[in-house]
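Below is one structure; the comments refer to it alone.
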Amino acid sequence: MEAMATREAYGKALVELGHRMEKVVALDADLSKSTKSALFAEKFPLRFFNMGVSEADMMGTAAGLAASGFIPFASTFGVFATGRAYDQIRNSIAYTRLNVKIAASHTGITVGEDGASHQALEDIALMRVLPNMTVIVPVDGRQTFQAVEAAAAYDGPVYLRLGRLAVPQVIPEELSFELGKAQLLREGSDMMIVATGIMVKAALDAAEILEKDGISAAVVNVHTIKPLDGEFLVRMARITGAVVTAEEHSIIGGLGGAVAELLAENCPVPVIRVGIRDTFGESGAPKDLLQKYGLTAESLVLAGKRALELKKA
Numbered sequence: 006m007e008a009m010a011t012r013e014a015y016g017k018a019l020v021e022l023g024h025r026m027e028k029v030v031a032l033d034a035d036l037s038k039s040t041k042s043a044l045f046a047e048k049f050p051l052r053f054f055n056m057g058v059s060e061a062d063m064m065g066t067a068a069g070l071a072a073s074g075f076i077p078f079a080s081t082f083g084v085f086a087t088g089r090a091y092d093q094i095r096n097s098i099a100y101t102r103l104n105v106k107i108a109a110s111h112t113g114i115t116v117g118e119d120g121a122s123h124q125a126l127e128d129i130a131l132m133r134v135l136p137n138m139t140v141i142v143p144v145d146g147r148q149t150f151q152a153v154e155a156a157a158a159y160d161g162p163v164y165l166r167l168g169r170l171a172v173p174q175v176i177p178e179e180l181s182f183e184l185g186k187a188q189l190l191r192e193g194s195d196m197m198i199v200a201t202g203i204m205v206k207a208a209l210d211a212a213e214i215l216e217k218d219g220i221s222a223a224v225v226n227v228h229t230i231k232p233l234d235g236e237f238l239v240r241m242a243r244i245t246g247a248v249v250t251a252e253e254h255s256i257i258g259g260l261g262g263a264v265a266e267l268l269a270e271n272c273p274v275p276v277i278r279v280g281i282r283d284t285f286g287e288s289g290a291p292k293d294l295l296q297k298y299g300l301t302a303e304s305l306v307l308a309g310k311r312a313l314e315l316k317k318a
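Its first residue numbered 6, the sequence shown is counted upward by one per residue in our numbering.
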């Protein structure tokens, strides 16, 4: 597959689901061209609902549809899904454990020129803290197709985090997808880089750089932030003894927070978190923003070497 935004893959995957599953319906908060749910609307106009700029109403309606036996996919930008509609998600979807799939696009710093108001950097934390919520962050287009399929098959609330920017294909075609199961993409014995979303590619690039310096770095893709594959991560932490986490999200409450919490209780080893450091984003080209906020392979290399120093201390 060629480079593709995960939001684009989501729209195409939703259409495929629509052909096979009559109970699948889609809702959007007046952003269907951007979230790509418009692709579903074109094929299945009677199963698509444009709720207007009313995210809270959309989540409540999705809950009602789920309670009536449908499988609703509710789409909007990440900041609006998790911010404006948090109360409805908490009380009408998560608390009642209704079968609603929240597909949030335009997340992370790579939203770019839209700036801080539209760059969801705390959405994983908000969704991860909710009981009954499953949180998925696919790496690329191929994995997004797999994630959408898995979300539709799973009976319960799902938060699916998608991006605006076209990203290269990272996941091999033969690699299967299972909710709650991390993927070992590269073997390593000295340290482990645990990454999610677009940072998986940066993690693989960093591991190659570290190898040239004689450092063996394992790379793990955590596509399901919740439930976290704790058993696997603890086992790998015991083997490597040092961990770096990488995410296009705040280091507070996201993947880094989840891994640090897990290992603090089960396998205390040095953990260095790479992500957005307790700040809002800003307007700019995605490439420039990734560089400014330290979401690069080079930043992961430096973090890896620091983790190794702490391991030896």
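Just so it is clear, CB atoms sit at the ideal spot from N, CA and C, and this is done for glycine as well.
Close beta carbons around residue i, own chain, < 6 Å, minus the five adjacent residues each side
i: residue 90; result: 60, 61, 64
i: residue 315; result: 275
i: residue 22; result: 29, 157
i: residue 206; result: 175
i: residue 291; result: 115, 117, 170
Beta-carbon contacts of residue i that lie in its chain and below 7 Å, excluding the five residues immediately before and after
i: residue 192; result: 223
i: residue 241; result: 197, 223, 225
Close-in-space but distant-in-sequence residues of the same chain around residue i (CB under 8 Å, 5 per side omitted)
i: residue 194; result: 221, 223, 244, 245
i: residue 309; result: 196, 198, 211, 215, 220, 222, 247, 249, 277
i: residue 173; result: 8, 145, 206
Extent of the continuous alpha helix (DSSP H) run through residue i
i: residue 215; result: 204 to 217
i: residue 101; result: Run containing residue 101: none; DSSP gives neither H nor E here.
i: residue 20; result: 11 to 25
i: residue 244; result: 235 to 245
i: residue 317; result: 302 to 317
i: residue 151; result: 146 to 158
i: residue 129; result: 128 to 133
Proximity to residue i [Cα-Cα], best of the options
i: residue 263; options: 292, 232, 284, 288; result: 232
i: residue 186; options: 147, 227, 151, 164; result: 227
i: residue 137; options: 270, 182, 39, 159; result: 159
i: residue 26; options: 302, 52, 190, 56; result: 52
i: residue 129; options: 165, 75, 200, 300; result: 165
i: residue 87; options: 72, 69, 101, 111; result: 111
i: residue 179; options: 259, 104, 147, 271; result: 147
i: residue 20; options: 45, 57, 37; result: 45
The beta strand (DSSP E) enclosing residue i, as first and last residue numbers
i: residue 196; result: 196 to 200
i: residue 33; result: 29 to 33
i: residue 226; result: 222 to 226
i: residue 191; result: 188 to 191
i: residue 165; result: 163 to 166
Whole-Å CB distance - residue i paired with residue j, under 8 Å assumed
i: residue 203; j: residue 253; result: 6 Å
i: residue 149; j: residue 18; result: 6 Å
i: residue 267; j: residue 235; result: 5 Å
Task: Unbroken stretches of the beta strand (DSSP E), 3 residues or longer, contained in the region 247 to 291 - done: Correct list: 248 to 255, 276 to 281.
Open item on the list: Ignoring anything shorter than 4 residues, give me the alpha helix (DSSP H) runs that lie fully in the region 36 to 63, in order along the chain.
Closed with: Within the region 36 to 63, the complete alpha helix (DSSP H) runs of at least 4 residues are 37 to 40, 43 to 48.
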